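Visitor: Structure in structure tokens, see below.
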Amino acid sequence: MSQYALEMKQITKTFPGVKALDRVSFSVKKGEIHALCGENGAGKSTLMKVLSGVYPTGNYHGDIFINGQPVAFRDIKGSQDAGVAIIYQELALVPEMTVAENIFLSHERMKKPVIDWHSLYAEAQYWLEQIGLKVDPQMRVSDLTVGKQQLIEIVKALTKKADILILDEPTAALTESDVDVLMRLLRALKSKGVTCIYISHKLGEVLEIADSVTVLRDGKTVSTDPIDVLTEDKIVSKMVGRALTEFFPYQAHQIGEEVLTVQDYQFKHGLTGDLLVKHASFSLRAGEILGVAGLMGAGRTELFTSLFGGYPGESSGQVVISGEAVNIRKPSDAIAKGLAYVSEDRKKYGLVMGMEISKNSTLAALKKVMPNHLIDRTLEVKRAEELTKKMRLKSHSLEADVSQLSGGNQQKVVLSKWLFTDPKILVLDEPTRGIDVGAKYEIYKIINELAAQGVAVVIISSELPEVLGMSDRIMVMSEGEVTGHLSRTEATQEKIMTYATLRRGKNEAVKSSGH
Amino acid sequence: MKQLNHQDTEQKPKIDISLNVQAYTLIIALIAIALIFSLFTGGEFLSPRNLSNLFNQMAVISVLSIGMTLIIVSGHIDLSVGSLAGLAGGIAAILQVWYGWGTVSVIAVGIIAGALLGLWQGWWVAYRAVPAFIVTLGGQLIFRGILIGISQGRTIAPLEPSFRFISNSYLPYSLGYLLAIVMVALFFFLTWKDRIKRNKLALQLASPLVDYGKVTIYGAGILLITFMLSLYYGVPLPMLIVVFFGGLFIFISNKTAFGRYIYAIGGNEEAAALSGINIKRHTLYVFVLMGALAGLAGIMLTSRLNAATVSAGDMYELDAIAACVIGGASLTGGKGKIVGAIIGALIMASIDNGMSMMNIQTFWQYIVKGLILIVAVWVDISNKKQTA
Ligand SMILES: Nc1ncnc2c1ncn2[C@@H]1O[C@H](COP(=O)(O)OP(=O)(O)OP(=O)(O)O)[C@@H](O)[C@H]1O
Ligand SMILES: [Mg+2]
């Protein structure tokens, strides 16, 4: 019998105008954790979709072998029956159903002819305990954090008795503690003989968990190596085709006058009435990069979306933009005041899927391509081209549907869209989620350039190295409160984590000499 | 393996054509339907007299389907347009026949009444967040009820000749030809301008043969139809109304912020809202426009029948929705074209007309139309799968 759980040979897949995969070969040994790395648009997701039958046989060239046997899947069900389970980059849960219902969706526990709810819930409970996830199986999925939802996806795949488990960027939206749970889980699975394919842009994780790494570039296989001969730098240079020496191109820059002052800001959720942001006070200067750190659910997103007018609810307190007290009630008010907010969830809040790339990129400032009140397509495409070129967007045409872009390239379109509004204050919520190292570097450079031009930038990020590497100043939040400010020089991971875990009642908010 | 290679080599030239698969399938379907019916009617289907009838018959549904496209693109549905058209036509007829109002003012009142009732429905949908399906289902009953109430259940007729003129008159031959020629010239001009622009931007460009070839074929089609119609009484006025409003709304949907926004709202409401688009206001506008167009359709219908009846426009909403869907609109929102909807309306009208000519019983017409609707959507979906 073959030593490989999976072999994909000479896989070629073309989309109209794009060769996404070009004679890719990919072999995974039994029982290993095999990482698949590559830049945005390298073809990782496409390769996995070929494997899992999303693109059925006949839709691609090449051969696939599982345990040495040739296979040709006609649909996803076919690959599932052969023991392949895939967890997509985008979540695929039914939000209105309970955790247990989601876990067993399509393979419900039956007591013919009806569903056996007792054993379904009991079994769900068992699996959740197995992976150490403290979640009630009767909870609705929509009430869970994104991180927890991701773990539920994994449980769902596990219950299907998968031999080959594919995880496409599973940790992009996870907090550190959820990542730890996941890592433990993967090791446990490995010890049970499950083969795992792991796609991630977080190379630290890859080095920690993988046994071997295959790198794709521009739809071609670059190499497959065992982990012990690799370092982060080596993987990166294989991915981008050149050595990347620094990760955070931070430059000290001129900091101007205050453009945003928030005093004693409170925000109450419109439906539940929960106080999501409590007594937040901070300020922001032109040309300054403010990092906002905190654990998942610390209220960072809520603070800035509500300031932007994009969250239904009630706010109080004072907000001053460029010396003028403002009352922002809806996003168009915010845009008019020079505020831009790049959401953390590009699919849900950032892009209109099914719409052209160029049309997406002008949507927030359409007036700028409407000289004499009518949309000028020529101007629009030209502007979109300028913007996306700066971002090094990889796409065969700006007239293509955004949904055809790879995840990272979609993020670049969202960024383009907001840069097009010429913001004075740019809030980036997890701006590099799901973005490859090369593109991250590009985005950091753009952030620097913007700051140098006098734009005040806020980076909300769960990746501490990013916050530490890019910010002039760091603000930490916990449970809806601002718990600390740190200057670039005094900030360390430990200090941030201390502030991030401060709780109301236990400790008073600590103010440091940050600014 | 052979088959795969074939696909691969075909990929390149496929690009420009595949963008428009929908439009071609529609036109091919239309031609196929026309050929089949003329075969079974001994050519009578394509006779000048019947073509003229056909364009007259499709006009009301076409006007409704123009508005319905906006509604569907923005992610909603309107089940009230048939009743609304009936009511607007009824109001106009009552004012004229019972109260002796002039034609121009009753037309204005009919359209304004439609717009106001559209506003009312739009308010419920946009500002009170009641699903459009429910609001307009309610509207369907309410408007029909009002119509029966105000007309006391009677048929209101006859209307003045000037009113009948709207749906029962033809353009003078010379004017018909002139408009057709202007339209063809406009097509050529727009294509030429578009090519120059795309060239400047280094965008994908089909070969001039393809682009101008297409325009030539469309142009020839337009002139041929004008010629055929001139063998009868000429271009019917309702057809001109459809062409005018079709053109106007194509322009609105492509060139104005409003047009762009409704595609964005239907495609992803949350993303649109965060981009600073006023969702509620634009949703309201869409319903107002739909209402006004339904009012216009009601006027045209009343004029054609030379009477307002209590059942006028009954079930027209379903034909309008079907026309949009056949034309490629997606009921999940964000996708749909006005040209598609008008061609869809023509297909639906052709089936009605052709089958009546063949003396097939009405019940068959329902069955065939239903099947065509399902098949059309299936073709659309499988087209999409292939390109994915
Ligand atoms: N449905 C589609 N139609 C056309 N092109 C597509 C489609 N799906 C993917 N592509 C193209 O195929 C290429 C590979 O995309 P893929 O999603 O596999 O990248 P990826 O390596 O997963 O990137 P990321 O890290 O950003 O997720 C990209 O150039 C993308 O634009
Ligand atoms: Mg991907």
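If you read the protein sequences in the order shown, they are chains A and B.
Heads up, the first sequence is in the working numbering, so the first residue is 8 and it goes up one at a time.
Heads up, the second sequence is in the working numbering, so the first residue is 42 and it goes up one at a time.
Ideal placement from N, C-alpha and C gives every residue a C-beta, glycine not left out.
Note that this is a predicted model, so its numbers are computed, not measured.
1) Please list, in chain order, all residues of the same chain as A:S520 whose beta carbon is under 7 Å from its beta carbon, the five residues on each side excluded.
2) Which residues, in order along the region 133-152 of chain B, keep a beta-carbon less than 8 Å from a beta-carbon of chain A?
3) I'd like to confirm something about A:T439: is its beta-carbon nearer than 8 Å to some heavy atom of ligand 1, or not?
4) Who are the neighbours of B:R301 on chain E, taking C-beta pairs under 8 Å?
5) Tell me, to the nearest whole angstrom, how far the beta carbon of B:V283 is from that of B:V104; I am working on the premise that it is less than 8 Å.
6) Give me whichever residues DSSP pairs with A:R224 in a beta bridge.
7) Taking one C-beta from the region 201-211 of chain B and one from the region 330-346 of chain B each time, how about it: are there three or more such pairs within less than 8 Å?
8) Following a CB-centred definition, is A:E176 positioned closer than 8 Å to any heavy atom of ligand 2?
9) Starting from B:T84 and walking both ways along the alpha helix (DSSP H), at which residues does that stretch end?
10) Relative to chain A, which residues along the region 106-121 of chain B have a C-beta separation below 7 Å, given in chain order?
11) Applying a beta-carbon distance threshold of less than 8 Å, which residues of chain A neighbour B:K321?
12) B:F290: which of B:V276, B:V380, B:A361 sits nearest, CA to CA?
13) Compare the C-beta of B:Y65 with all C-beta atoms of chain A and state if any pair is closer than 9 Å.
14) Give, in chain order, every unbroken run of the alpha helix (DSSP H) that is at least 4 residues long and sits entirely within the region 125-189 of chain A.
15) Can you pull the DSSP bridge partners for A:F289?
16) Can a CB atom of chain A be found closer than 9 Å to the CB of B:I318?
17) Name the chain A residues whose beta carbon is nearer than 8 Å to that of B:K376?
18) Could you check whether A:K119 and A:S126 sit closer than 9 Å to each other, using their CB atoms as the reference points?
19) For B:Y304, return the contacting residues in chain A, with the cut-off set at a CB-CB distance below 7 Å.
20) Compare the beta carbon distance of B:Y357 and B:L270 with 9 Å and say whether it is the shorter of the two.
21) How about A:Q10 and A:K36: do their beta carbons lie closer than 9 Å?
22) Within 10 Å of its beta-carbon, does A:Q137 have 16 or more other beta-carbons around it, so buried, or fewer, so exposed?
23) Output the distance between the C-alpha atoms of A:S230 and B:T297, rounded to the nearest integer angstrom.
24) What residue does the beta strand (DSSP E) around B:M396 start on, and which one ends it?
25) Keeping to the same chain, check which residues put their C-beta closer than 6 Å to that of A:M15; ignore five residues upstream and five downstream.
26) Looking at the unbroken alpha helix (DSSP H) that takes in B:A149, where does it start and where does it end?
27) Just checking, does the region 306-316 of chain B make contact with the region 89-99 of chain B on the three C-beta pairs under 8 Å criterion?
28) Exposed or buried, what is A:K144 when buried is set at 16 or more other beta-carbons lying within 10 Å of its beta-carbon?
29) Check A:I453 in the structure and name its three-state DSSP category.
30) When you compare only the Cα positions, how much space is there between A:T19 and A:R81?
31) Would the C-beta of A:L165 count as close to ligand 3, meaning under 8 Å from any of its heavy atoms?
32) Please return the same chain residues whose Cβ sits closer than 7 Å to the Cβ of A:K337, not counting the five positions on each side in sequence.
33) Interface residues of chain B around A:T385 at Cβ under 8 Å?
34) Taking only runs that begin and end inside the region 166-226 of chain B, name each unbroken alpha helix (DSSP H) of 4 or more residues, in chain order.
35) Can you tell which of A:D218, A:S485, A:I94 has the C-alpha that lies nearest to the C-alpha of A:L509?
36) Can you find a CB in chain B that lies within less than 9 Å of the CB of A:I18?
Guide: Once the coordinates are examined:
1) Along the first sequence, read from residue 1 onward, the residue named residue 520 of chain A stands at position 513. A caution first: A:S520 carries a pLDDT of 39, below 50, which makes its placement in the model unreliable, though a value can still be read off. Here the set comprises nothing.
2) None of the residues of the region 133-152 of chain B has a beta carbon lying less than 8 Å from any beta carbon of chain A.
3) Reading the first sequence from its first residue, position 432 is the one you call residue 439 of chain A. Checking every heavy atom of ligand 1 against the Cβ of A:T439, none is found closer than 8 Å.
4) Among the protein chains of the structure shown, namely A and B, there is no chain E.
5) Along the second sequence, one-based indexing puts residue 283 of chain B at 242. Along the second sequence, one-based indexing puts residue 104 of chain B at 63. Yes, B:V283 and B:V104 are in contact; Cβ-Cβ is about 6 Å, under 8 Å.
6) Indexing the first sequence from 1 puts residue 224 of chain A at position 217. A:R224 is bridged by DSSP to A:K227.
7) At 8 Å Cβ cutoff, the stretches touch.
8) Walking along the first sequence from the start, residue 176 of chain A turns up at place 169. The answer is yes for A:E176.
9) Position 43 of the second sequence, counted from the start, is the residue given in the question as residue 84 of chain B. Position check: residue 84 of chain B holds Gly in this sequence, whereas Thr was assumed. Run containing B:G84: none; DSSP gives neither H nor E here.
10) Residues of the region 106-121 of chain B with a Cβ closer than 7 Å to any Cβ of chain A: none.
11) Residue numbering aside, residue 321 of chain B sits at position 280 when the second sequence is read from its first letter. The premise fails here: B:K321 is roughly 10 Å from chain A at the closest Cβ pair, so nothing lies under 8 Å.
12) To locate residue 290 of chain B, count along the second sequence from 1; it is residue 249. That would be B:V380, whose Cα lies nearest to the Cα of B:F290.
13) Within the second sequence, the letter at position 24 stands for residue 65 of chain B. At a cut-off of 9 Å between C-beta atoms, B:Y65 does not count as an interface residue with respect to chain A.
14) The qualifying runs are 153-166.
15) Within the first sequence, the letter at position 282 stands for residue 289 of chain A. Looking at the DSSP assignment, A:F289 forms a beta bridge with A:V269.
16) Looking up residue 318 of chain B in the second sequence gives position 277. Judged by the 9 Å Cβ criterion, B:I318 is in contact with chain A.
17) Residue mapping note: residue 376 of chain B aligns to position 335 of the second sequence, counting from 1. G361, listed in chain order.
18) Residue 126 of chain A sits at position 119 when you count from the first residue of the first sequence. Residue 119 of chain A sits at position 112 when you count from the first residue of the first sequence. Cβ atoms of A:S126 and A:K119: not closer than 9 Å.
19) Counted from its first residue, the second sequence places residue 304 of chain B at position 263. The answer, in chain order, is M362.
20) To locate residue 357 of chain B, count along the second sequence from 1; it is residue 316. To locate residue 270 of chain B, count along the second sequence from 1; it is residue 229. Not a contact, by the Cβ cut-off of 9 Å.
21) Counted from its first residue, the first sequence places residue 10 of chain A at position 3. Counted from its first residue, the first sequence places residue 36 of chain A at position 29. It is a contact, given that the beta carbons lie within the stated cut-off.
22) What you label residue 137 of chain A is simply residue 130 of the first sequence in a count that begins at 1. Here A:Q137 is exposed: its Cβ has fewer than 16 other Cβ atoms, across all protein chains shown, within 10 Å.
23) Taking the first residue of the first sequence as position 1, residue 230 of chain A is located at position 223. Taking the first residue of the second sequence as position 1, residue 297 of chain B is located at position 256. A:S230 and B:T297: Cα-Cα distance of roughly 50 Å.
24) Sequence index remark: in the second sequence, residue 396 of chain B carries index 355 (1-based). Under the DSSP assignment, B:M396 falls outside any beta strand (DSSP E), being part of the alpha helix (DSSP H) whose first and last residues are 379-398.
25) Your numbering for residue 15 of chain A matches position 8 in the first sequence. Excluding residues within five positions, the ones whose Cβ falls inside 6 Å are F33, I71.
26) Stepping through the second sequence from its first residue, residue 149 of chain B is reached at position 108. Run containing B:A149: 144-168, per the alpha helix (DSSP H) assignment.
27) At 8 Å Cβ cutoff, the stretches do not touch.
28) Position 137 of the first sequence, counted from the start, is the residue given in the question as residue 144 of chain A. The residue you asked about is not Lys; residue 144 of chain A is Pro in the sequence shown. A:P144 should be labelled buried.
29) What you label residue 453 of chain A is simply residue 446 of the first sequence in a count that begins at 1. Helix, per DSSP.
30) Position 12 of the first sequence holds residue 19 of chain A. Position 74 of the first sequence holds residue 81 of chain A. Distance between the alpha carbons of A:T19 and A:R81 is about 17 Å.
31) Ligand 3 is not part of the structure shown, which contains ligand 1 and ligand 2 as its ligands.
32) The residue given as residue 337 of chain A occupies position 330 in the first sequence. For A:K337, same chain residues with a beta-carbon under 7 Å away, outside a window of 5 residues either side, are G316 in chain order.
33) Residue 385 of chain A sits at position 378 when you count from the first residue of the first sequence. Taking the beta carbon of A:T385 as reference, the chain B residues within 8 Å of it are K238, K241, L242, listed in sequence order.
34) Taking only runs of at least 4 residues, the alpha helix (DSSP H) segments lying wholly in the region 166-226 of chain B are 173-191, 202-205.
35) Mapped onto the first sequence, residue 509 of chain A falls at position 502. The candidate whose alpha carbon is nearest that of A:L509 is A:S485.
36) Your numbering for residue 18 of chain A matches position 11 in the first sequence. Taking a beta-carbon distance threshold of 9 Å, A:I18 does not count as an interface residue toward chain B.
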